[in-house]
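Chemist: Can you keep this structure in mind? I'll have questions shortly.
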Amino acid sequence: MNNKNSLLVELFVEELPPKALKKLGEAFAGVLRDQLVAQGLAEAGSVLTPYASPRRLAAHLTHVAERAADKAVSQKLMPVAVGLDASGQPTPALLKRLAALGADASAVPGLKRAMDGKAEALFYESTAKGATLAEGLQKALAEAIAKLPIPKVMSYQLESGCELPGWSSVSFVRPAHGLVALHADTVVPIEALGLKAGRETHGHRFEAAVDPVVLRDANSYALQLQDDGAVIASFEARRAEIARQLAAAAVTVGGGSVPIHDDALLDEVTALVERPNVLVCSFEREFLEVPQECLILTMKANQKYFPLLDAQAKLTNKFLVVSNISPEDASAVTGGNERVVRPRLADAKFFFDQDRKKSLASRVESLGKVVYHNKLGTQGERVQRVMHIARGIAEKLGDATLAAQATQAAQLAKADLVTDMVGEFPELQGTMGRYYALHDGLDAAVADAIEDHYKPRFAGDELPRNSVGLVVALADKLETLVGMFGIGNLPTGDRDPFALRRHALGVIRMLIEKDLALGLDALLQDAAAQFGAIDGFDSSKATVELRDFILDRLAGSLREQGASAQEVDAVLAPLPQRLGEVPKLLAAVRAFAALPAAAALAAANKRIGNILKKAPEADAHVSELLLQEPAEKALHAAMAQVVPAANAQFDAGDYTGSLQTLAALREPVDAFFTDVMVNAEQADLRLNRLGLLMSLHSAMNRVAQLERLAV
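Counting with this note's numbering, you get residues 501 to 1211 for the letters of the sequence shown.
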């Protein structure tokens, strides 16, 4: 990098919170850049490079000026009638305002006159000197520090360079011990957090070749830290190096081994080391008898290790450690990590062995002592509700075997909450239930359902793998939604502690992707019936408001997938009960909207709807004897041919074909509205024409409310 006008700013601090480091680094650098650009000290195209390591936040910015360009400033003073008297001389008010701006009466002849609204006003034009880099950077750094996304700050005392050493305090995410500000090779004289800027920083705590590292210029920062300080300052470069070393270490183990993929873990480890060194460690094979999810979780969550999987994605007894030191003999490091992980794995094995001494069924009673919600009772009461809802869903799907298995799975689905393993690792709920169900000799479909009833856990997550799991997952989410809505515990703004939005999307996905023959209203009403004994439970909120909430989530999801708001409204306005039909209905509407006749028919449909709203006496009866005008006869004849064909296609599930068939009515509909007076004075003619329109309106809106497509 050869830009002579580059700027480097670094805050050297004590170890920063690892889970926040990436965000802190990006925010620090981004605000600095934005502030300097806003002050005219950096170009809009200046290249920003953020740096973040466990002990530093830094930013490198190209094309930074020593001083911003001067700016012409025009300041409104006051209306001419107020600033000048009848003879054109300045009034005391004008002179006072000029004095406040550092000018005097000599500036009056140079004042500019311009219209300001309906009155002419006086404007003082001057040139504002551009900020120096020292002034601008001081302001930008203060803003960058103030806007760091820090949940909690630390207050600490300054030991020097302050009014009261040992007593004066500042607040920051962690105590700061150094500040670097270099423009090319020149120190920019700024201050922050009780520190004065210089060119010295510090490298690795133990492996730096030089301490302090004296930076030659802004552009040498990353290279000097790497060569002299044994630190990879860039978060992204350090992350890439860790990923490279993990893959290389797995190759040395052999057997097709690969490190477990976990972006969050990789980010956290990147924030814990300054110069990574990946080492291979192992544990006793006997621990592999424990479900691998338990071992993987304890290694990742507690020790920040990367477990190794074999070619069949099974856990091996090898794992990778990302060390922050690189000794010639790494045996002490590997041995220490192996000693540390062994008790963790032993705990997992103990929990697993102890849990299997009791069956899942024997644990269900204990759920009656676990509070679910103070208004909705215990987990035991909740299980009973989920069981009834699941059995009802399975019976609607017409399968007695499914009903029996779903009821059993629902009864046992929460039993692992009172096991030792899930008590230690809540993330394993469901997963351990499946293992314990298989150990108890239960059917695999029931065991899988116990694990899968939490799915989908997040956007893009897979759905339950079998019908039993699907029924129980649907019942579980409906129980949560109906219960929370019924007691008025609704999501607000960005607060959704019971994940009701996620549960609603889960219900939508299961109903649509599995095309279940289940009506939404019936599902909500059946679920609400299980809460009859709950004081203060509002069935209306649990059904009507919840239905609207679910449909609103569906509408948002469809729009995200590319459908227009009008197309979504057209499909959802009739409140489709079988959500599984929605994708086909939407595809039909989108295909119809692309037809040349669509706009005219949608507009006509809207017009018909408005006419019928004002004619409550109308019914769909049409008498051919009362058809007088050629246009109404032609429309009736066209409908006699088109509507039966469209209805047959609709009944066969060919919604696209049905709408395309109806498109043939465009010309006779246009002619009808051009040539026929609907509100005829003769009552029987008027009612007959209204009946014709009602029949047309009904036929056109079976697939969707086409009037919603009208612009």
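Beta carbons are placed, not taken as given, at the ideal position from N, Cα and C, and that holds for glycine. This one's a predicted model, so the numbers in the text were calculated from it and none came from an experiment.
Tell me the DSSP bridge mates of E510?
Modeler: DSSP, once it has assigned bridges, lists A558 and V680 as partnering E510.
Chemist: So, with DSSP's three-state summary, where would you put D1038?
Modeler: Three-state DSSP puts D1038 in coil, outside helix and strand.
Chemist: Around the Cβ of L1135, are there at least 16 other Cβ atoms within 10 angstroms (buried) or fewer (exposed)?
Modeler: When all chains shown are included, L1135 counts as buried.
Chemist: Evaluate V1169 with the Cβ neighbour count: other Cβ atoms within 10 Å of its Cβ, from every protein chain shown; 16 or more gives buried, anything less gives exposed.
Modeler: With 16 or more Cβ atoms within 10 Å of its Cβ, V1169 is classed as buried.
Chemist: Would you mind working out which of A1042, G698 and L938 sits nearest D685, comparing C-alpha positions?
Modeler: Nearest C-alpha to D685: G698.
Chemist: For L1193, does the count of other Cβ atoms within 10 angstroms reach 16, so buried, or fall short, so exposed?
Modeler: Per the 10 Å Cβ criterion, buried.
Chemist: Cα separation between M501 and N719?
Modeler: For M501, the predicted structure reports a pLDDT of 48, less than 50, and the residue's modelled location is therefore unreliable. The matter cannot be settled from this model.
Chemist: Could you tell me the boundaries of the alpha helix (DSSP H) in which P590 lies?
Modeler: Careful: P590 lies outside any alpha helix (DSSP H) and carries neither H nor E.
Chemist: I need the DSSP call for P517, collapsed to helix, strand or coil.
Modeler: Three-state result, P517: coil.
Chemist: Which of helix, strand or coil does DSSP assign to K1177?
Modeler: The displayed chain sequence assigns Met, not Lys, to residue 1177. Three-state result, M1177: coil.
Chemist: Based on Cα-Cα distance, which residue from F958, R533 and D916 lies nearest to I1008?
Modeler: The residue with the shortest Cα to Cα distance from I1008 is F958.
Chemist: Mapping DSSP to helix, strand and coil, what is M501?
Modeler: Residue confidence is low: M501 scores 48 on pLDDT, short of 50, so the model does not pin down where it sits. Its coordinate-derived value is still stated next. Residue state, collapsed to three classes: coil.
Chemist: Just mark K456 as buried or exposed, buried being the case when its beta carbon has 16 or more other beta carbons within 10 Å.
Modeler: What is shown of the chain runs 501 to 1211, which leaves residue 456 out entirely.
Chemist: Among the residues of its own chain, which have a CB less than 8 angstroms from the CB of V582, if the five just before and after it don't count?
Modeler: T591, A593 and L594, listed in sequence order.
Chemist: Please report the residue range of the beta strand (DSSP E) in which S463 lies.
Modeler: The structure shown does not extend to residue 463, since the chain is modelled only from 501 through 1211, so no value can be given for it.
Chemist: Starting from the Cα of A1146, find the closest Cα among A1138, P554 and G1157 and give me that residue.
Modeler: Selected option, being the one with the closest Cα: G1157.
Chemist: Kindly indicate the opening and closing residues of the alpha helix (DSSP H) around A1131.
Modeler: Where A1131 is concerned, the enclosing alpha helix (DSSP H) stretches over P1130 to D1151.
Chemist: Beta-carbon of R1186 versus every beta-carbon of chain B: anything under 8 angstroms?
Modeler: The chain inventory of the structure shown lacks chain B, comprising one protein chain alone.
Chemist: Determine which residues share a DSSP beta bridge with R567 and list them.
Modeler: DSSP lists T632 as partners of R567.
Chemist: Kindly list the residues whose CB is nearer than 8 angstroms to the CB of A1148, restricted to its own chain and excluding five residues on each side of it in sequence; keep chain order.
Modeler: If we look at A1148 and ignore the five residues flanking it on each side, it has no Cβ neighbours.
Chemist: What does a CB cutoff of less than 7 angstroms around R1047 pick up in its chain, not counting 5 residues either side in sequence?
Modeler: Here the set comprises L1020, D1021 and L1024.
Chemist: My output table needs one value for S626: the three-state DSSP class, helix, strand or coil.
Modeler: Note: S626 maps to strand in three-state DSSP.
Chemist: Can you list, in chain order, the residues of its chain with a C-beta nearer than 8 angstroms to that of Y954? Leave out the 5 residues immediately preceding and following it.
Modeler: Within the same chain, Y954 has close Cβ partners Q929, G930, A973 and D976.
Chemist: Short check: CB of V564 to CB of H677, under 8 angstroms?
Modeler: No.
Chemist: Which value, in whole angstroms, describes the spacing of the CA atoms of V509 and Q745?
Modeler: Their Cα atoms are separated by approximately 30 angstroms.
Chemist: Can you tell me which of the three DSSP states S1198 falls into?
Modeler: It is helical.
Chemist: Quick one: what does DSSP say A854 is sitting in, helix, strand or coil?
Modeler: Note on residue identity: the sequence assigns Gln, not Ala, to residue 854. Correct three-state label for Q854: helix.
Chemist: Write down every uninterrupted run of the beta strand (DSSP E) in the region 717-785 whose length is 3 residues or greater and which is fully enclosed by it, in chain order.
Modeler: Those beta strand (DSSP E) runs which fall completely within the region 717-785 and span 3+ residues are 777-782.
Chemist: Would F925 be called buried (16 or more neighbouring beta carbons within 10 Å of its own) or exposed?
Modeler: So F925 counts as buried.
Chemist: Short of 6 angstroms in beta carbon distance, which residues of its chain neighbour A906, apart from the five on each side in sequence? Order them along the chain.
Modeler: Closer than 6 angstroms at Cβ, skipping near neighbours: A890, A894, V968, V971 and V972.
Chemist: Could you tell me whether the region 932-944 touches the region 978-995, using the rule of 3 or more Cβ pairs below 8 angstroms?
Modeler: Taking 8 angstroms as the limit for Cβ pairs, the verdict is that the region 978-995 does not touch the region 932-944.
Chemist: If you draw a straight line from the alpha carbon of A621 to that of M615, how long is it in whole angstroms?
Modeler: About 6 angstroms.
Chemist: Enumerate in chain order the residues of its own chain whose CB-to-CB distance from P675 is below 8 angstroms, with the five nearest sequence positions on each side excluded.
Modeler: V513, E514, M654 and Y656.
Chemist: What separation, rounded to the nearest whole angstrom, lies between the Cα atoms of E1013 and A1063?
Modeler: Computed Cα separation, rounded: 17 angstroms.
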